[in-house]
Amino acid sequence: MISNAPIERCLYALMADDRSAPRAGDGSSAQKMADALSLWRAGDRDASTREQFCAGLKETLERLVRDNDVDLRKAILQHRFPKVKDYRLLVASPKCEAALQAAKKLRDLAHPARIEREPDPARKSHLQALAAAVDDARAGRGEWARVTAGACALGEKIAADFAPHADVLAEKQELERDASVIEYLAQRAPHQSRSGGGARGRDVEDRVGTALTQLCNAMNEATASSEDPGYRIVRGANVPPALRPAESRHVKGELDFLLMHGNDVVLVGETKAGGATAIGADCLKLRNAVVEMAARAQQDRAYAFTLGGDKRSVDVGGKGKLQVSGESLKRLAAAPGDAPDVQPTWPASARYFLPDAVAGIPLSQRAVAYLTWRPASLDYAQALFDGAQPAVEGLESVWRELGEDPKLAWIWEERALAEQALNAVHGSESIAGFTAAFAQMKPGS
């Protein structure tokens, strides 16, 4: 392991000072709701906090109604009509998937090519009847009982295997004939052209990667020893299985940036083309990735991180793997030396680097969607769709639910983590400031 603690302590101190500037939200509806949750967590229980939350939720619902949001309309239908909910639960169930596969298997049995090759006239006729029955049932013109009868003509085992699935498909078909389900299925999202989000994301990564490389160059200039291996940025590093849990849905598997010093990792960096809005849902994954790596790493081992496929991800020497010391991975849980940490539950080594400065982190899209689909929110939205002007007080029950329903506790947890993550977000100007600070240092100072 190679150490250059003074340089790293200086970097962490610069990042800690960067969070000292006062922060204010961007005024968006999601930010208003987020700020209300933060105020409540900080002990501000005035009515104005509740009113701020309801105002943000009201603005969100008004925007969705103006946009004729398909997902909101579907949620309203599910809220108003029990059969829509029954239908959604059925089609999402494993038994429905199995039934659809069984129907496909029967249709494959009666494939036109197979019918054409069938030498037995009677069996050919049965296959033709089965094919027509399956097609009619799929299209809603026929009954699945007729399919079962067609399968029976081909053999008792075929019919017996399909019979349980026929009941599920018949239930699905009956629900699809209900007026509310028909309206639900008629909801279609408008066609949207490709936005080029992937290209924007790569552009953001390139810009941030360039700024971080310049920072590394300045850190190297400030290093006293000519034998020092130097600092460098490695992009697109995949966390090895040994350093992440088997269930890794809430843990990042690929890291945008690793700031390396020899084989030691100094910090983990992420960037987001979506800016602050994307951090709300992402920060849990980044925090967990760093915590898991630090907890699972063995001090006397080295770990191979495979690198992404594009040229920007290849480490020095053109290798497709990066060796990282276990000792440095274990240190990711805390800042080096006496440098100040961000928060007790947020690892100081986990950082977001963005092109622009961030004023605040709004509620994640998932949290906003969950709140707009609460019963009171859906009633409010339906009134807006009907042309009414409902009172904002009708949304106060959502605020009460947020404080009382254990199922919504994750929103509070996500907000608490986002508040900590905000202190670990640095814009391009901040990165340039770090670079300038190192550029002014004399080697070995």
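With the sequence shown counted from 1, adding 51 to any position gets you the working numbering. The beta carbon of each residue, even a glycine, is placed where N, CA and C say it ideally should be.
Non-local beta-carbon contacts of E169 in its own chain, meaning distances under 8 Å to residues more than five positions away in sequence, involve K175, L178 in chain order. For N339, the uninterrupted alpha helix (DSSP H) run begins and ends at 327-347, by DSSP. Rounded to the nearest whole angstrom, the CA to CA distance from G371 to S415 is 34 Å. Ranked by Cα distance from Q224, the first of A488, A327, C147, A408 is C147. Annotated as distal: V316 and L358, with beta-carbon spacing of 8 Å or more.
Within the model, the alpha-carbon separation for W91 versus D333 is close to 23 Å. The beta carbon of P291 lies closer than 7 Å to those of Y354, A355, F356 in the same chain, with the five residues before and after it left out.
Positions of the beta strand (DSSP E) runs, each at least 3 residues long and wholly inside the stretch 189-266, cannot be given because no such run exists.
Remark: C-beta atoms of V302 and E343 approach each other more closely than 8 Å. For H301, there is no enclosing alpha helix (DSSP H), since its DSSP letter is neither H nor E.
By the CB criterion at 8 Å, I330 and V419 fall outside the cutoff. I482 is positioned such that its CB atom lies no closer than 8 Å to that of L318.
Per DSSP, the unbroken alpha helix (DSSP H) holding I462 starts and ends at 460-473. For H477, the secondary structure class from DSSP, reduced to helix, strand or coil, is strand. Taking a 10 Å sphere around the C-beta of R451, we find fewer than 16 other C-beta atoms and assign the residue as exposed. Counting only residues of its own chain and dropping the five nearest sequence neighbours on each side, L88 has a CB closer than 6 Å to the CB of R466. I284: member of the beta strand (DSSP E) spanning 282-289, first to last residue. Listed in chain order, the non-local C-beta contacts of L294 below 8 Å within the same chain comprise E343, M344, R347, A348, Y354, L380, local neighbours out to five positions each way being set aside.
Contact annotation, L157 with V116: C-beta distance approximately 44 Å; criterion of less than 8 Å not satisfied. Contact annotation, A196 with A217: C-beta distance approximately 7 Å; criterion of less than 8 Å satisfied.
The alpha-carbon of H162 is positioned some 7 Å away from that of A182. Cβ-Cβ separation between F404 and L306: approximately 12 Å, too far for a contact (criterion under 8 Å).
Unbroken beta strand (DSSP E) stretches of 3 residues or longer found wholly inside the stretch 114-172: none. Assigned with DSSP and collapsed to three states, M311 falls in strand. Secondary structure at S379: helix, using DSSP grouped into helix, strand and coil. Here P413 is buried, its C-beta having at least 16 other C-beta atoms within 10 Å.
Residue pairing of R402 in beta bridges, as defined by DSSP: G320. Beta-bridge analysis with DSSP links F436 to no other residue.
DSSP places A353 in no alpha helix (DSSP H) but in the uninterrupted beta strand (DSSP E) bounded by 353-358. By the criterion of a C-beta distance shorter than 6 Å, F104 is surrounded in its chain by M84, A87, W450, once the five residues flanking it on both sides are discounted. For G445, there is no enclosing alpha helix (DSSP H), as DSSP marks it with neither H nor E. Under DSSP, Q374 forms a beta bridge with A355. D430 carries a helical assignment under DSSP once its states are collapsed to helix, strand and coil. In the displayed model, G107 falls within a helix according to three-state DSSP.
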